[in-house]
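S.K.: The opening residue of the sequence shown carries number 1 in UniProt numbering; numbering runs sequentially from there.
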Amino acid sequence: MRREAAGAAGEQSAHAGLPSVAYVNLGCRVNRVETDLIADELARAGLAVAPEEDAQAVVINTCAVTAEAEAKARKAVRHAASLPQAPLVVATGCVANLFADELAALAPNVTVERDKSRVPSTVLEGLGAGIFAVGDDGELLGGVSASPASTPTPTGRTRPGIKIQDGCDNRCTYCIVWKARGASRSVDAARVRELVLRSLERKASEVVLTGINLGVYRSQLPDGREVGLPGLLAWLLETTPVGRIRLSSIEPPDVTDDLLSTMVASSGRIAPFLHICLQSGCDATLGRMARTYDTAFFRAAVERAHELLPQASLGTDLIVGFPGETDEEFEQSLTFCREMGFSRMHVFRYSKRPGTPAATEEGQVDPHVMAERSARARELAHELRAQEAARLVGTEDLVCVQAPFRGVSGGLFDVTLDTEAPIDAIVPVRLTGVSPDGTTLLGHVCSQEERTL
1 MRREAAGAAG EQSAHAGLPS VAYVNLGCRV NRVETDLIAD ELARAGLAVA PEEDAQAVVI
61 NTCAVTAEAE AKARKAVRHA ASLPQAPLVV ATGCVANLFA DELAALAPNV TVERDKSRVP
121 STVLEGLGAG IFAVGDDGEL LGGVSASPAS TPTPTGRTRP GIKIQDGCDN RCTYCIVWKA
181 RGASRSVDAA RVRELVLRSL ERKASEVVLT GINLGVYRSQ LPDGREVGLP GLLAWLLETT
241 PVGRIRLSSI EPPDVTDDLL STMVASSGRI APFLHICLQS GCDATLGRMA RTYDTAFFRA
301 AVERAHELLP QASLGTDLIV GFPGETDEEF EQSLTFCREM GFSRMHVFRY SKRPGTPAAT
361 EEGQVDPHVM AERSARAREL AHELRAQEAA RLVGTEDLVC VQAPFRGVSG GLFDVTLDTE
421 APIDAIVPVR LTGVSPDGTT LLGHVCSQEE RTL
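So, in structure tokens, the structure goes:
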């Protein structure tokens with residue numbers, strides 16, 4: 001759970017008479033981006049960001065991916081509603097979509113808003129800050145206007161995310177997101193470009209494109225051309241001065257030659273990092289999950305990525321303890337991950353999600369066994385990350401500076417810099433070493449004469 005406070009963003013209301021708002025974000029990257037967009041609209045209306053204990057309104061973006069996540073959402077709503085100042089609590093997100101009546105019944109000061117684009121106007125109307133309308137693109141129409149935040153996001157993130165797609169047409173047996181978010185749909189390309197330009201106005205150099213199933217993006221450019229994700233990327237690079245675009249995560253079938261060629265042609269303006277969702281490295285487990293590929297397909301996608309984009313680093317998601325997973329299947333999964341050489345692994349223990357087929361499958365794995373498997377998978381993740389960091393030493397990369405002497409590489413490694421560089425700038429860096437724990441790269445900021453990129 002992430003609670004945004006005024007100190008994080010350093011922003012104050014442009015209109016002292018207007019109240020402030022706190023943000024509680026639960027769940028995935030897409031939720032985080034949606035929360036930032038809500039905060040952006042309310043900042044433009046003049047509201048300040050404040051801690052929950054001081055705010056007159058609390059926006060809670062909920063997650064329903066597991067039963068535990070749903071319980072955290074209810075707890076967060078009850079906590080906010082019980083604060084001494086009795087703030088207006090606006091709950092949105094996946095739990096709000098699935099269980100709106102139950103959330104609304106938690107307290108009289110709770111309002112449930114299923115339509116995220118209406119959250120800003122719901123907050124403002126609930127606070128009596130005027131009557132606001134929201135256009136089809138989610139923008140506030142009318143009301144108070146204020147200067148936009150001077151940081152890349154009102155909540156203080158230096159690499160803003162931009163949601164370009166929502167919903168999912170897959171039916172993985174462990175997932176309820178397709179019910180909570182609905183069918184796959186894409187954000188209009190012109191709107192995406194507008195959001196990129198807005199981030200650049202706030203001095204962001206890198207933006208992160210996010211979605212529930214990013215690779216199925218489809219839209220039409222202003223000139224009428226139909227494009228998928230590769231076409232959108234090429235158009236954004238052509239029509240905006242964005243320093244670097246990063247993809248949040250994609251499914252294996254979407255690692256196409258078209259996408260990889262677009263990344264190669266970008267000369268580093270598309271970050272050389274692919275987070276390809278695996279979930280399991282065992283075909284039998286993937287079958288029970290109803291995933292749309294097997295390990296042979298995944299391996300072919302990774303080999304093609306290494307062939308066309310050899311400098312790229314790879315990330316993935318891994319679920320351990322899925323119903324029916326035997327010791328042998330787990331070992332197969334672990335071995336496959338080692339062979340893929342992931343530099344970044346998000347390891348999750350399987351958690352029952354009521355309402356999904358997997359929750360009632362036979363062979364539920366003992367929690368102690370899941371904990372042991374999770375620990376081993378995390379050990380492997382650390383080992384592989386250190387190996388990838390060592391591989392990158394001696395190469396040059398573009399680093400997005402996020403703090404004095406610190407930045408993030410194209411391969412999504414933290415980098416300690418030997419020279420201070422402007423915050424949010426993207427600078428060429430020669431990677432010279434690795435920290436003792438093997439997780440952070442050391443880098444020399446290259447002068448113009450030293451540059452090879």
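Glycine included, C-beta positions come from ideal geometry on N, C-alpha and C.
All values derive from a computational prediction rather than experimental measurement.
State the DSSP-derived secondary structure class of F405, mapped to helix, strand or coil.
M.R.: Correct three-state label for F405: coil.
S.K.: By the DSSP assignment, the alpha helix (DSSP H) with Q364 in it spans what residues?
M.R.: Taken as a continuous stretch (DSSP letters only), Q364 belongs to no alpha helix (DSSP H), as it is neither H nor E.
S.K.: Beta carbon of residue 458, beta carbon of F322: below 8 Å?
M.R.: Since the displayed the chain opens at 1 and closes at 453, residue 458 lies outside it and no answer follows.
S.K.: Nearest CA to the CA of A45: which residue from S20, G93, T416, E251?
M.R.: Taking only the C-alpha atoms, the option nearest A45 is S20.
S.K.: How would you call H368, buried or exposed, if buried means at least 16 neighbouring beta carbons within 10 angstroms?
M.R.: With fewer than 16 other Cβ atoms within 10 Å, it is exposed.
S.K.: Decide if K163 is buried, meaning its Cβ has at least 16 other Cβ atoms within 10 Å, or exposed.
M.R.: Classification for K163: buried.
S.K.: In the DSSP assignment, the beta strand (DSSP E) including V429 goes from what residue to what residue?
M.R.: 426-434 is the extent of the beta strand (DSSP E) around V429.
S.K.: In chain order, what residues of the same chain lie with their CB nearer than 6 Å to the CB of D254, ignoring the 5 residues before and after it?
M.R.: These residues qualify, in order along the chain: G215.
S.K.: How many Å lie between G324 and V365 at the Cα?
M.R.: Between G324 and V365, the C-alpha separation is close to 7 Å.
S.K.: Does the contact criterion of 3 or more C-beta pairs under 8 Å hold for the segment 107-119 versus the segment 88-97?
M.R.: Touching, per the Cβ criterion.
S.K.: Quick one: grab the DSSP three-state call for Q332.
M.R.: Q332: helix per DSSP, three-state reduction.
S.K.: Just to confirm my understanding: we take L195, look at its own chain, exclude 5 residues before and 5 after, and list those with CB closer than 6 Å. What are they?
M.R.: For L195, where only same-chain residues beyond five positions count, the Cβ hits under 6 Å are I162.
S.K.: Going by Cα to Cα distance, which pick from E329, E339, E238, T360 is closest to E388?
M.R.: Out of E329, E339, E238, T360, E339 has the C-alpha closest to the C-alpha of E388.
S.K.: Alpha carbon to alpha carbon, what distance is there between V302 and L106?
M.R.: The straight-line gap from Cα to Cα measures roughly 47 Å.
S.K.: Whole angstroms are fine: how far does the CA of K116 sit from the CA of R78?
M.R.: Using only the alpha carbons, I get a separation of about 20 Å.
S.K.: Let me know if Q220 comes out buried or exposed under the rule of 16 or more other beta-carbons within 10 Å of its beta-carbon.
M.R.: Its Cβ having fewer than 16 others within 10 Å, Q220 is exposed.
S.K.: Tell me which residues share the same chain as R74 and place their Cβ nearer than 6 Å to its Cβ, disregarding the 5 neighbours each side in the sequence.
M.R.: There are no such residues.
S.K.: Applying the criterion that 16 or more other CB atoms from any shown protein chain within 10 Å of the CB defines a buried residue, is L274 buried or exposed?
M.R.: Answer is buried; the Cβ neighbour count reaches 16.
S.K.: Does the segment 171-190 come within contact of the segment 262-271, defined as at least 3 CB pairs closer than 8 Å?
M.R.: Segments in contact, no.
S.K.: Given a threshold of 16 other Cβ atoms within 10 Å of its Cβ, counted over all protein chains shown, does E307 qualify as buried or as exposed?
M.R.: Exposed, because fewer than 16 other Cβ atoms sit within 10 Å of the Cβ of E307.
S.K.: Grab the span of the beta strand (DSSP E) containing V123 for me, first residue to last.
M.R.: Taken as a continuous stretch (DSSP letters only), V123 belongs to no beta strand (DSSP E), being part of the alpha helix (DSSP H) at 119-126.
S.K.: Per DSSP, what kind of secondary structure is D317 in: helix, strand or coil?
M.R.: Correct three-state label for D317: strand.
S.K.: List the residues that DSSP assigns as beta-bridge partners of G211.
M.R.: BP columns for G211 point to Q165.
S.K.: Where I426 and K179 are concerned, what is the direct C-alpha to C-alpha distance, given to the nearest angstrom?
M.R.: Whole-angstrom Cα-Cα distance: 39 Å.
S.K.: Whole angstroms is fine: what's the gap from Y293's alpha carbon to E102's?
M.R.: So the alpha carbons of these two residues sit roughly 37 Å apart.
S.K.: Quick check on V302: does DSSP put it in helix, strand or coil?
M.R.: Three-state result, V302: helix.
S.K.: Taking the runs of the beta strand (DSSP E) that are 3 residues or longer, which of them lie wholly in the segment 61-117?
M.R.: The segment 61-117 contains these whole beta strand (DSSP E) runs: 88-93, 110-112.
S.K.: How many Å lie between L392 and L398 at the Cα?
M.R.: Answer to the nearest angstrom: the Cα atoms are 12 Å apart.
S.K.: Have a look at V24 and G443 and give me their C-alpha separation to the nearest angstrom.
M.R.: When rounded, the distance between both Cα atoms is 35 Å.
S.K.: On the DSSP letters alone, give me the boundaries of the beta strand (DSSP E) that L442 sits inside.
M.R.: Here the beta strand (DSSP E) through L442 covers 440-445.
S.K.: Please state whether DSSP places L417 in a helix, a strand or coil.
M.R.: If DSSP states are grouped into helix, strand and coil, L417 belongs with the strands.
S.K.: Mind reading off the beta-carbon distance from M345 to C172? Whole number of angstroms is fine, and I expect it under 8 Å.
M.R.: That belief does not hold up - the Cβ atoms of M345 and C172 are roughly 19 Å apart, past 8 Å.
S.K.: Among E125, P160, I270, which one has its Cα closest to the Cα of W235?
M.R.: The residue with the shortest Cα to Cα distance from W235 is I270.
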